[in-house]
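>
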Amino acid sequence: MQKPKGNLIPTSTVEEYEVLDVNKAVAIRCLRSKSVEEKLSSLSDDNCIKKTVENHSDLIPNVYEGGLKIWECSVDLVEHLCETKVPLKGFSVLELGCGAGLPGIYALQQQAHHVCFQDFNEEVISHLTIPNVSLNVDSETMSQKCRFLSGGWSQTGSDLIPSERYDIILTAETIYNTESVPSLYKLMRRGLKPGGTMYPFGR
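Just add 8 to the spot in the sequence shown (first one is 1) and you have this note's numbering.
Laid out in C-alpha coordinates, this is it:
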(Lines of atoms letter the chains of each structure in order from A and count residues from 1; the text may use other names and numbers.)
(Lines give C-alpha, C1' and ligand atoms only; values in the text may rest on other atoms or scores of the structure.)
Protein backbone atom coordinates (compact mmCIF):
# COMPACT_ATOMS: atom_id res chain seq x y z
CA MET A 1 0.00 0.00 0.00
CA GLN A 2 1.26 3.44 -0.91
CA LYS A 3 0.89 5.95 1.88
CA PRO A 4 0.74 9.68 1.19
CA LYS A 5 3.88 11.39 2.43
CA GLY A 6 2.31 14.73 3.33
CA ASN A 7 0.98 15.54 6.78
CA LEU A 8 -2.74 15.41 7.37
CA ILE A 9 -4.51 18.70 7.88
CA PRO A 10 -4.53 19.53 11.62
CA THR A 11 -7.77 18.86 13.47
CA SER A 12 -8.27 22.58 14.06
CA THR A 13 -8.75 23.20 10.34
CA VAL A 14 -11.00 20.23 9.66
CA GLU A 15 -13.92 22.21 11.09
CA GLU A 16 -13.65 24.59 8.11
CA TYR A 17 -16.00 22.53 5.99
CA GLU A 18 -19.16 22.99 4.00
CA VAL A 19 -22.07 20.64 3.47
CA LEU A 20 -22.67 19.75 -0.15
CA ASP A 21 -26.32 18.86 -0.71
CA VAL A 22 -26.20 16.64 -3.77
CA ASN A 23 -29.97 16.14 -3.62
CA LYS A 24 -32.63 15.77 -0.94
CA ALA A 25 -31.29 12.36 0.05
CA VAL A 26 -27.54 12.94 -0.01
CA ALA A 27 -25.37 15.42 1.88
CA ILE A 28 -21.58 15.18 2.02
CA ARG A 29 -19.29 17.24 4.25
CA CYS A 30 -16.23 18.64 2.47
CA LEU A 31 -13.32 20.84 3.40
CA ARG A 32 -13.38 24.17 1.62
CA SER A 33 -11.07 23.69 -1.35
CA LYS A 34 -9.95 27.30 -1.24
CA SER A 35 -8.78 26.92 2.37
CA VAL A 36 -6.77 23.82 1.49
CA GLU A 37 -5.26 25.58 -1.52
CA GLU A 38 -4.27 28.60 0.57
CA LYS A 39 -2.70 26.38 3.23
CA LEU A 40 -0.66 24.38 0.74
CA SER A 41 0.43 27.41 -1.28
CA SER A 42 1.71 29.06 1.91
CA LEU A 43 3.99 26.17 2.86
CA SER A 44 7.73 26.52 2.37
CA ASP A 45 8.11 23.26 0.45
CA ASP A 46 7.83 23.22 -3.33
CA ASN A 47 4.49 21.41 -3.65
CA CYS A 48 2.31 20.99 -6.71
CA ILE A 49 -0.42 23.34 -5.43
CA LYS A 50 2.01 26.21 -5.01
CA LYS A 51 3.15 25.73 -8.62
CA THR A 52 -0.45 25.71 -9.83
CA VAL A 53 -1.38 28.88 -7.95
CA GLU A 54 1.70 30.62 -9.32
CA ASN A 55 0.63 29.60 -12.84
CA HIS A 56 -3.01 30.70 -12.26
CA SER A 57 -4.27 27.36 -13.53
CA ASP A 58 -6.75 24.65 -12.52
CA LEU A 59 -4.24 22.00 -13.57
CA ILE A 60 -0.76 21.43 -14.91
CA PRO A 61 -0.36 18.14 -16.83
CA ASN A 62 1.76 15.59 -14.96
CA VAL A 63 2.24 18.04 -12.07
CA TYR A 64 -1.20 18.79 -10.66
CA GLU A 65 -4.34 17.19 -12.06
CA GLY A 66 -7.04 19.44 -10.58
CA GLY A 67 -7.79 17.37 -7.49
CA LEU A 68 -8.67 20.28 -5.18
CA LYS A 69 -11.53 21.43 -7.37
CA ILE A 70 -14.96 19.83 -7.02
CA TRP A 71 -15.78 19.11 -10.64
CA GLU A 72 -19.46 19.07 -11.64
CA CYS A 73 -19.33 15.52 -12.93
CA SER A 74 -18.36 14.14 -9.53
CA VAL A 75 -21.60 15.58 -8.16
CA ASP A 76 -23.48 14.26 -11.21
CA LEU A 77 -22.05 10.80 -10.61
CA VAL A 78 -23.17 10.75 -6.98
CA GLU A 79 -26.61 11.96 -8.05
CA HIS A 80 -26.80 9.21 -10.67
CA LEU A 81 -25.78 6.51 -8.20
CA CYS A 82 -28.42 7.74 -5.77
CA GLU A 83 -31.31 8.33 -8.18
CA THR A 84 -30.84 5.05 -10.06
CA LYS A 85 -30.37 3.20 -6.77
CA VAL A 86 -27.11 1.54 -7.81
CA PRO A 87 -26.47 -1.17 -5.20
CA LEU A 88 -23.24 -0.47 -3.31
CA LYS A 89 -23.75 -2.27 0.00
CA GLY A 90 -21.20 -5.04 0.44
CA PHE A 91 -19.34 -4.25 -2.78
CA SER A 92 -15.71 -3.27 -3.29
CA VAL A 93 -15.30 0.12 -4.97
CA LEU A 94 -12.40 1.91 -6.64
CA GLU A 95 -12.57 5.65 -7.31
CA LEU A 96 -9.98 6.82 -9.84
CA GLY A 97 -8.93 10.48 -9.87
CA CYS A 98 -10.87 10.94 -6.66
CA GLY A 99 -9.92 14.49 -5.63
CA ALA A 100 -12.45 15.43 -2.95
CA GLY A 101 -13.68 11.83 -3.00
CA LEU A 102 -17.42 12.49 -3.27
CA PRO A 103 -18.44 9.29 -5.12
CA GLY A 104 -16.25 7.13 -2.88
CA ILE A 105 -17.65 8.79 0.24
CA TYR A 106 -21.18 8.18 -1.01
CA ALA A 107 -20.26 4.50 -1.52
CA LEU A 108 -19.11 4.34 2.11
CA GLN A 109 -22.35 5.97 3.24
CA GLN A 110 -24.18 3.21 1.36
CA GLN A 111 -22.18 0.58 3.27
CA ALA A 112 -19.74 -0.49 0.58
CA HIS A 113 -17.47 -3.26 1.82
CA HIS A 114 -14.27 -1.47 0.82
CA VAL A 115 -13.38 1.75 -1.03
CA CYS A 116 -10.01 2.58 -2.57
CA PHE A 117 -9.41 6.27 -3.30
CA GLN A 118 -6.76 7.09 -5.94
CA ASP A 119 -5.52 10.50 -7.06
CA PHE A 120 -2.46 11.67 -8.99
CA ASN A 121 -1.19 13.99 -6.23
CA GLU A 122 -0.10 12.99 -2.73
CA GLU A 123 -0.96 16.49 -1.52
CA VAL A 124 -4.57 16.06 -2.62
CA ILE A 125 -4.91 12.66 -0.94
CA SER A 126 -3.28 13.85 2.30
CA HIS A 127 -4.83 17.28 2.63
CA LEU A 128 -8.27 16.85 1.05
CA THR A 129 -9.38 13.27 0.38
CA ILE A 130 -8.48 11.76 3.75
CA PRO A 131 -9.87 14.68 5.80
CA ASN A 132 -13.08 14.61 3.73
CA VAL A 133 -13.54 10.90 4.36
CA SER A 134 -12.94 11.47 8.09
CA LEU A 135 -15.67 14.12 8.10
CA ASN A 136 -18.23 11.64 6.80
CA VAL A 137 -17.47 8.26 8.37
CA ASP A 138 -16.28 7.10 11.77
CA SER A 139 -12.65 6.18 12.44
CA GLU A 140 -13.37 2.44 12.54
CA THR A 141 -14.98 2.52 9.09
CA MET A 142 -12.09 4.58 7.78
CA SER A 143 -9.41 2.23 9.11
CA GLN A 144 -11.15 -0.99 8.06
CA LYS A 145 -12.81 -0.04 4.79
CA CYS A 146 -10.62 2.63 3.16
CA ARG A 147 -7.40 2.60 1.19
CA PHE A 148 -5.64 5.65 -0.26
CA LEU A 149 -3.21 5.69 -3.19
CA SER A 150 -1.38 8.47 -4.99
CA GLY A 151 0.34 8.41 -8.36
CA GLY A 152 -0.44 8.14 -12.05
CA TRP A 153 -2.57 5.34 -13.46
CA SER A 154 0.41 3.56 -15.00
CA GLN A 155 2.32 3.92 -11.70
CA THR A 156 -0.48 2.75 -9.42
CA GLY A 157 -1.56 -0.11 -11.67
CA SER A 158 0.82 -2.58 -10.05
CA ASP A 159 -0.43 -1.56 -6.59
CA LEU A 160 -4.12 -1.87 -7.45
CA ILE A 161 -3.89 -4.92 -9.69
CA PRO A 162 -3.77 -7.93 -9.48
CA SER A 163 -3.84 -7.98 -5.67
CA GLU A 164 -7.35 -6.57 -5.72
CA ARG A 165 -10.14 -6.40 -8.24
CA TYR A 166 -13.26 -4.35 -7.73
CA ASP A 167 -16.99 -4.82 -8.15
CA ILE A 168 -17.46 -1.17 -9.10
CA ILE A 169 -15.09 1.43 -10.55
CA LEU A 170 -16.03 5.11 -10.39
CA THR A 171 -14.35 8.03 -12.13
CA ALA A 172 -15.62 11.51 -12.90
CA GLU A 173 -14.19 14.14 -15.25
CA THR A 174 -10.74 12.60 -15.18
CA ILE A 175 -9.97 12.73 -18.91
CA TYR A 176 -8.97 16.07 -20.37
CA ASN A 177 -6.11 14.72 -22.48
CA THR A 178 -6.78 11.90 -24.96
CA GLU A 179 -3.27 10.56 -24.33
CA SER A 180 -4.47 9.44 -20.88
CA VAL A 181 -7.31 7.31 -22.24
CA PRO A 182 -5.31 4.10 -22.91
CA SER A 183 -3.83 4.05 -19.38
CA LEU A 184 -7.22 4.67 -17.78
CA TYR A 185 -8.96 2.07 -19.94
CA LYS A 186 -6.28 -0.54 -19.28
CA LEU A 187 -6.42 0.05 -15.53
CA MET A 188 -10.21 -0.12 -15.45
CA ARG A 189 -10.27 -3.34 -17.46
CA ARG A 190 -7.63 -4.95 -15.26
CA GLY A 191 -9.18 -3.70 -12.05
CA LEU A 192 -12.76 -4.79 -12.64
CA LYS A 193 -14.04 -8.14 -11.43
CA PRO A 194 -15.89 -10.33 -13.95
CA GLY A 195 -19.46 -9.05 -13.99
CA GLY A 196 -18.43 -5.76 -12.39
CA THR A 197 -19.54 -2.30 -13.50
CA MET A 198 -17.68 0.86 -14.51
CA TYR A 199 -19.16 4.33 -14.11
CA PRO A 200 -17.01 6.81 -16.07
CA PHE A 201 -18.64 10.26 -16.01
CA GLY A 202 -17.49 13.19 -18.12
CA ARG A 203 -18.60 16.10 -20.26
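In this text, a Cβ means the ideal position worked out from N, Cα and C, and glycines have one as well.
#1: By DSSP, does residue 188 sit in helix, in strand, or in coil?
#2: Can you tell me whether DSSP reads residue 116 as helix, strand or coil?
#3: Tell me the DSSP secondary structure of residue 106 in three-state form.
#4: Have a look at residue 205 and residue 177 and give me their C-alpha separation to the nearest angstrom.
#5: If the criterion is Cβ atoms closer than 7 angstroms, does the pair residue 180 and residue 49 meet it?
#6: Beta-carbon within less than 6 angstroms of residue 112's beta-carbon, same chain only, minus the 5 sequence neighbours each way: which residues are those?
#7: Residue 130: buried (16+ other C-beta within 10 angstroms of its C-beta) or exposed?
#8: Please state the DSSP three-state secondary structure of residue 138.
#9: Look up residue 160 in the DSSP assignment and say whether it is helix, strand or coil.
#10: How would you write the range of the beta strand (DSSP E) that residue 84 sits in, first residue to last?
#11: Quick one: grab the DSSP three-state call for residue 183.
#12: So is residue 175 buried or exposed if we call it buried at 16+ other beta carbons inside 10 Å?
#13: Could you spell out the range, first to last residue, of the alpha helix (DSSP H) harbouring residue 148?
#14: Run the CB neighbour count on residue 34, radius 10 Å, all protein chains shown included, and call it buried at 16 or more, exposed below.
#15: Residues in its own chain within less than 6 angstroms of residue 213 by CB, not counting five upstream and five downstream?
#16: Whole-angstrom Cβ separation of residue 137 and residue 108, contact assumed at under 8 angstroms?
#17: With residue 39 as the anchor, note down where its beta strand (DSSP E) starts and where it stops.
Reading off the structure:
#1: helix
#2: helix
#3: Residue state, collapsed to three classes: coil.
#4: 7 angstroms
#5: no
#6: Cβ within range, chain order: 103, 106, 123 and 125.
#7: Its Cβ being crowded by 16 or more others within 10 Å, residue 130 is buried.
#8: helix
#9: coil
#10: Here residue 84 belongs to no beta strand (DSSP E); instead the alpha helix (DSSP H) covers 80-91.
#11: Residue 183 falls in the coil class under three-state DSSP.
#12: So residue 175 ends up on the buried side.
#13: Going by DSSP, residue 148 is part of the alpha helix (DSSP H) stretching over 147-153.
#14: buried
#15: The question about residue 213 has no answer here: the residues shown for the chain are numbered 9 through 211.
#16: 7 angstroms
#17: Note, residue 39: beta strand (DSSP E), 35-39.
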